[in-house]
Ligand SMILES: [Zn+2]
């Protein structure tokens, strides 16, 4: 687990999944790589569903 230094209050936040600083409540401005895995899976499933529906309608 990597520590992340809050850009607002300069305190280390050790919660990997935190989007808000535990101390000052400001957004941590994390780089875009941070997408929860469950959210990613959900998006993929929805995309597959839409694609399969399109496939059925276009046949
Ligand atoms: Zn902070």
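In this note's numbering, the protein residues as written are 597 to 655. Ideal placement from N, C-alpha and C gives every residue a C-beta, glycine not left out.
Check the C-beta distance from residue i over to residue j and give it rounded, since I have them as a contact under 8 Å.
i, j, result
"residue 624", "residue 646", "So it is not a contact: roughly 32 Å between Cβ atoms."
"residue 615", "residue 626", "7 Å"
May I ask you to list the residues that DSSP assigns as paired with residue i?
i, result
"residue 623", "616"
"residue 601", "608"
Assign residue i to buried or exposed, taking buried as 16 or more other Cβ atoms, counted over all protein chains shown, within 10 Å of its Cβ.
i, result
"residue 617", "buried"
"residue 605", "exposed"
"residue 620", "exposed"
Within the structure, which residues are defined as neighbours of ligand 1 by a Cβ-heavy atom distance below 7 Å, reported in chain order? Working through the chain, the matches are 602, 604, 605, 607, 617, 619, 620, 622.
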